[in-house]
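What follows is a single structure, written as structure tokens, with notes after it.
4 protein chains.
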Amino acid sequence: MNVNDQFQNMKLNTVGIKDISYPVKIREKSGHLQDTVAQISLQVSMPKRYRETSLSTFLNVLNKYQDDMSVSIFSKLMLEVKEDLQAESAHMEMIFPYFLQKKAPITATSGLMEYTCKFADGVGADEDFILSIWVPGTTLCPCSKEISDFGAHNQRAEINLNVKFNRFIWVEDLISMVEVSTSCEVFSLLKRPDEKFVTEQAYKNPMFVEDVVRKVAESALAHPDISWFSVGVESFESIHKHSAYAFVDSDDLLEVDASDK
Amino acid sequence: MNVNDQFQNMKLNTVGIKDISYPVKIREKSGHLQDTVAQISLQVSMPKRYRETSLSTFLNVLNKYQDDMSVSIFSKLMLEVKEDLQAESAHMEMIFPYFLQKKAPITATSGLMEYTCKFADGVGADEDFILSIWVPGTTLCPCSKEISDFGAHNQRAEINLNVKFNRFIWVEDLISMVEVSTSCEVFSLLKRPDEKFVTEQAYKNPMFVEDVVRKVAESALAHPDISWFSVGVESFESIHKHSAYAFVDSDDLLEVDASDK
Amino acid sequence: MNVNDQFQNMKLNTVGIKDISYPVKIREKSGHLQDTVAQISLQVSMPKRYRETSLSTFLNVLNKYQDDMSVSIFSKLMLEVKEDLQAESAHMEMIFPYFLQKKAPITATSGLMEYTCKFADGVGADEDFILSIWVPGTTLCPCSKEISDFGAHNQRAEINLNVKFNRFIWVEDLISMVEVSTSCEVFSLLKRPDEKFVTEQAYKNPMFVEDVVRKVAESALAHPDISWFSVGVESFESIHKHSAYAFVDSDDLLEVDASDK
Amino acid sequence: MNVNDQFQNMKLNTVGIKDISYPVKIREKSGHLQDTVAQISLQVSMPKRYRETSLSTFLNVLNKYQDDMSVSIFSKLMLEVKEDLQAESAHMEMIFPYFLQKKAPITATSGLMEYTCKFADGVGADEDFILSIWVPGTTLCPCSKEISDFGAHNQRAEINLNVKFNRFIWVEDLISMVEVSTSCEVFSLLKRPDEKFVTEQAYKNPMFVEDVVRKVAESALAHPDISWFSVGVESFESIHKHSAYAFVDSDDLLEVDASDK
């Protein structure tokens with residue numbers, strides 16, 4: 002089989018669009034629809050040359066579903082795109098800010114928190130739906146606390162959790178799983194009693210980036226509906242200009258598990 | 002094996018630093034050393050808790066080699082980091098702007114072109130060295146040319162080529178391989194006769210993003226020293242606000258090749 | 002007056018928050034409310050130390066108005082923030098993607114275009130409301146067209162127009178003013194007859210970045226309700242890796258005008 | 002004077018290039034030349050249409066000076082660009098990472114710190130040289146410390162200082178002026194005794210963003226060679242997802258000073 006033959010095979014070459022901005026409504030766990038703006042990318046493998054029809058077909062399907070998007074509807078949309086384009090396979094990603102009301106820990110003052118969320122799905126190839134979230138949290142350095150007479154350096158960290166699941170899981174539940182795995186959760190609005198609480202909470206609960214990874218991974222492993230996950234934690238060190246970073250992929254855990262038996 | 006046991010196994014958890022900026026000297030094909038600034042990330046899997054010593058050990062090794070970095074030295078550096086840290090495995094990435102003098106096509110006026118280059122390597126796990134480049138080029142739309150009485154929309158595109166190799170390949174040679182695969186190469190300095198040349202060259206040589214992918218892939222497949230590659234082309238469409246994108250991974254080509262026989 | 006006295010004077014020090022993400026509804030010219038997500042920054046000058054109350058006061062006012070934001074309501078919101086905080090002055094900025102349905106030039110196929118828009122306003126100091134837009138457009142190089150036997154290099158450009166006005170102007174009208182000032186407008190969805198049209202339109206209408214600046218400036222000078230403007234045009238050159246850029250500020254025009262008489 | 006006349010006047014329209022990447026050597030206070038990579042923008046006002054010659058003229062001058070750049074040479078380069086282009090005025094900006102060896106506070110372990118630095122200068126218009134630096138530092142919240150039984154939230158902050166001067170000032174001296182104005186300085190390499198020191202130092206020295214602004218401003222006001230400055234401090238709050246921000250411009254201080262007498 003020569004090179005040209007290879008390229009006439011349609012599995013080999015995906016084409017598409019990258020980073021088109023689009024307003025969408027996301028179905029919340031509460032039942033409400035949340036308005037947000039997504040960056041969307043679509044790649045398709047098609048038997049014929051990619052043409053203008055691809056984009057307009059895709060946008061037509063997107064228009065149809067933009068008013069009520071959720072994990073299950075996203076998968077349906079993917080399938081419809083693939084069928085309408087007569088593609089061998091299709092892959093779509095959609096990343097968006099996601100807002101949740103969150104109550105301060107003591108005064109219960111409510112404020113809007115912003116998270117980042119991504120849906121990624123494929124049909125015909127790479128068929129697993131992957132749900133990704135980026136959640137802010139505080140890390141307080143155990144070493145700094147241990148060696149210092151008072152205080153301990155702490156900072157904002159960003160936790161990225163990616164999951165595949167057997168049964169649908171709400172974004173809200175994954176966010177909670179991550180937030181309780183940090184030295185302290187982050188809030189948008191804190192009154193004085195709340196600020197006292199979060200300061201002391203972080204101090205009582207020192208964690209390295211690898212501790213946060215471990216705690217999130219323990220929760221994910223224990224969750225009956227998660228079939229795969231990876232978690233990365235980046236901590237914007239307050240005493241350095243660089244970040245500390247730790248990461249785990251559940252496939253590596255399972256390998257170890259298997260070889261161990 | 003329970004969850005805690007899993008996490009005490011040191012393969013499971015990598016820690017490190019992300020995006021530390023560092024001046025480095027890169028060995029050019031010409032033999033000269035080029036001064037540039039790299040963003041460096043390092044991840045290690047270690048039998049004991051990650052400690053302050055990791056970063057200082059790493060920076061010591063980095064200091065030792067920063068004055069003469071090349072693909073082969075980078076691999077040596079990785080090995081030394083792993084040994085000094087007594088790590089099970091280590092992975093390092095270094096991304097930097099890379100400058101080459103490039104002559105205009107007609108007047109041979111010389112100007113400095115900027116490319117982006119990345120070295121990624123691992124020891125103990127993910128041991129393949131991956132060399133990545135991002136190269137600008139022009140794409141001119143075949144459809145637009147065909148249907149229009151005059152003119153054709155064209156635009157800057159960015160081609161990302163990632164390769165593993167059996168034998169060392171110079172970055173300069175990979176850049177050339179990519180540049181000749183576009184509608185026309187991009188230059189930093191063009192006089193009038195050069196501008197006439199590149200305008201007509203692009204017009205005579207219309208290519209969709211998937212055509213550029215195909216041409217780069219053909220060259221990479223034909224190269225005796227490349228053992229794996231992937232190539233993605235993003236075109237910043239002049240008639241749209243979004244990008245067109247195409248991609249291929251050589252593993253998919255080989256699969257097809259195998260199943261075809 | 003010594004340094005410490007200077008700093009006790011409250012004009013001297015502004016404090017605030019930067020880049021908080023917030024869902025807002027923007028009033029369209031059509032009368033509809035558009036859902037989008039804004040990045041908001043607020044700075045206030047206050048007689049007493051900045052305290053937790055500032056942020057919660059600000060967010061309370063923001064919550065009150067987020068469901069129906071427009072140029073006029075934004076100014077009202079600013080005033081209320083200043084009064085509730087008993088601030089000497091306050092300054093607020095809000096930047097957001099703004100979406101409009103736009104019809105393709107021949108087939109009238111409708112697609113959603115994304116623009117970027119910014120409201121900036123102050124009370125107590127810097128009291129002018131500034132409306133900013135970032136609009137994509139095509140530029141086709143007059144020099145390249147003139148010297149080449151066929152074709153002409155063209156590319157996406159971004160036009161940034163900032164205005165102060167005597168009487169309210171709709172964002173939609175400013176966007177149109179900019180779009181007609183380019184070699185050709187940019188669209189989100191084009192069928193073949195549309196692509197032929199935009200290709201030929203750009204070819205018939207070559208413009209350097211300074212030509213686009215000039216044309217936008219002529220329209221802005223002729224507009225009875227615009228009291229000040231600046232316009233910058235960045236063109237992502239298809240034959241280079243860098244951008245071409247041109248800029249004008251109406252204050253410089255008026256100076257010349259005055260000195261000329 | 003009509004609109005077209007206005008635009009034929011050459012003060013009215015600046016053209017140029019944006020964000021070209023270029024390797025440069027910067028003269029350090031130590032006398033050594035530091036290799037780094039700059040993003041350079043140039044705008045010129047010219048009596049005739051901007052032509053290809055502008056860019057090549059500019060690059061020729063840049064090539065001549067790239068091997069030994071300093072504040073004084075930058076100004077000379079600007080003048081030469083203006084003269085070679087026969088421009089009425091020219092404005093140039095150059096932003097680059099700047100690296101300094103910095104010793105840890107107790108063990109004196111040396112590590113390379115990265116700062117960001119910008120030179121901006123004009124001839125024919127906006128003739129003031131402006132030197133800008135961006136310096137990382139730690140802020141520890143006074144309120145959090147006061148109300149909590151133990152600990153205090155702290156985080157990385159970025160301080161941006163911009164100055165005009167009567168007599169040349171070294172970047173190194175401005176960086177020091179900023180670093181001593183934070184709760185604690187940031188380092189690239191810290192051993193355990195150093196980490197204990199910086200943790201306790203920050204705890205003993207709580208500062209809001211406005212306190213950092215005030216302290217930098219006091220030093221700048223007291224400096225005999227600084228004729229104007231502005232300073233902004235952004236703190237990446239560890240307990241929130243947004244930043245706290247404070248700012249002062251010395252012109253506002255002088256106004257108050259004047260009105261006060």
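Residue numbers (the numbering used here), protein chains in the order written: chain A, 2 to 262; chain B, 2 to 262; chain C, 2 to 262; chain D, 2 to 262. We put the beta carbon where it would ideally sit given N, CA and C, even for glycine. Computed from a predicted model, the values in this text were never measured in an experiment.
Alpha-carbon to alpha-carbon, residue j and residue i
| i | j | result |
| --- | --- | --- |
| D:V181 | C:K103 | 54 Å |
| C:T307 | A:V249 | Here chain C has residues from 2 to 262 only, and residue 307 of chain C is not among them. |
| A:K83 | A:S90 | 6 Å |
| B:T108 | B:P194 | 7 Å |
| A:K19 | D:S228 | 48 Å |
| D:V187 | A:K242 | 7 Å |
| D:S220 | D:K119 | 20 Å |
| B:L101 | B:H154 | 28 Å |
| A:D129 | A:P98 | 22 Å |
| C:F75 | D:Y204 | 40 Å |
| D:T139 | B:A245 | 43 Å |
Three-state class that DSSP yields for residue i in the structure shown
| i | result |
| --- | --- |
| A:P106 | coil |
| C:C185 | strand |
| A:K192 | coil |
| A:K197 | helix |
| A:F166 | strand |
| C:E159 | strand |
| A:D174 | helix |
| B:D212 | helix |
| C:M79 | helix |
| D:T73 | A small correction: the amino acid at residue 73 of chain D is Ser; Thr does not occupy that position in the sequence shown. Reduced to three states, the DSSP call for D:S73 is helix. |
| C:L56 | helix |
| B:D85 | helix |
| A:S111 | strand |
| C:S145 | helix |
| C:K242 | coil |
DSSP beta-bridge partners of residue i
| i | result |
| --- | --- |
| D:C118 | D:F97 and D:I134 |
| A:D250 | A:S231 |
| B:L34 | B:R28 |
| A:G152 | Answer is none; A:G152 lacks a bridge partner. |
| D:H327 | Since the displayed chain D opens at 2 and closes at 262, residue 327 of chain D lies outside it and no answer follows. |
| D:T140 | D:Q156 |
Classification of residue i by the beta-carbon crowding that lies within 10 angstroms, buried from 16 upward
| i | result |
| --- | --- |
| D:N163 | buried |
| C:Q44 | buried |
| B:P1 | The first residue shown for chain B is 2 and the last is 262, placing residue 1 of chain B beyond what the model contains. |
| B:R267 | Residue 267 of chain B is absent from the structure shown; chain B starts at 2 and stops at 262. |
| A:N3 | Low local confidence applies: a pLDDT of 44 at A:N3 is under 50, so the model's placement there is unreliable, with the coordinate-based value given in what follows. The residue is exposed, with fewer than 16 neighbouring Cβ atoms inside 10 Å. |
| B:E296 | Shown here, chain B extends from 2 to 262; a query on residue 296 of chain B therefore has no answer. |
| D:G32 | exposed |
| A:D68 | exposed |
| A:S1 | The question about residue 1 of chain A has no answer, for chain A in this structure spans 2 to 262. |
| B:P225 | exposed |
| C:A39 | buried |
| B:Q156 | buried |
| D:F230 | buried |
Residues in the region 115–133 of chain D having any Cβ partner in chain B nearer than 8 Å: E115
Under 9 Å (Cβ pairs) to chain D, residues found in the region 31–47 of chain A: none
Where the region 86–115 of chain D meets chain B: residues whose CB sits under 8 Å from a CB there: P98, F100, T110, G112, L113 and E115
Residues of the region 243–255 of chain D whose Cβ lies closer than 7 Å to any Cβ of chain C, in chain order: H243, S244, A245, Y246, A247, F248, V249, D253 and L254
Residues in the region 54–83 of chain B having any Cβ partner in chain D nearer than 7 Å: Listed by position, the residues of the region 54–83 of chain B near chain D (Cβ gap below 7 Å) are L56, S57 and L60.
Under 7 Å (Cβ pairs) to chain C, residues found in the region 191–212 of chain B: L191, R193, E196, K197, V199, T200, E201, A203 and Y204
Against chain B: residues of the region 229–244 of chain C by CB proximity under 8 Å: F237, E238, S239, I240, H241, K242 and H243
Contacting positions in the region 132–147 of chain A - beta carbon closer than 8 Å to chain C: none
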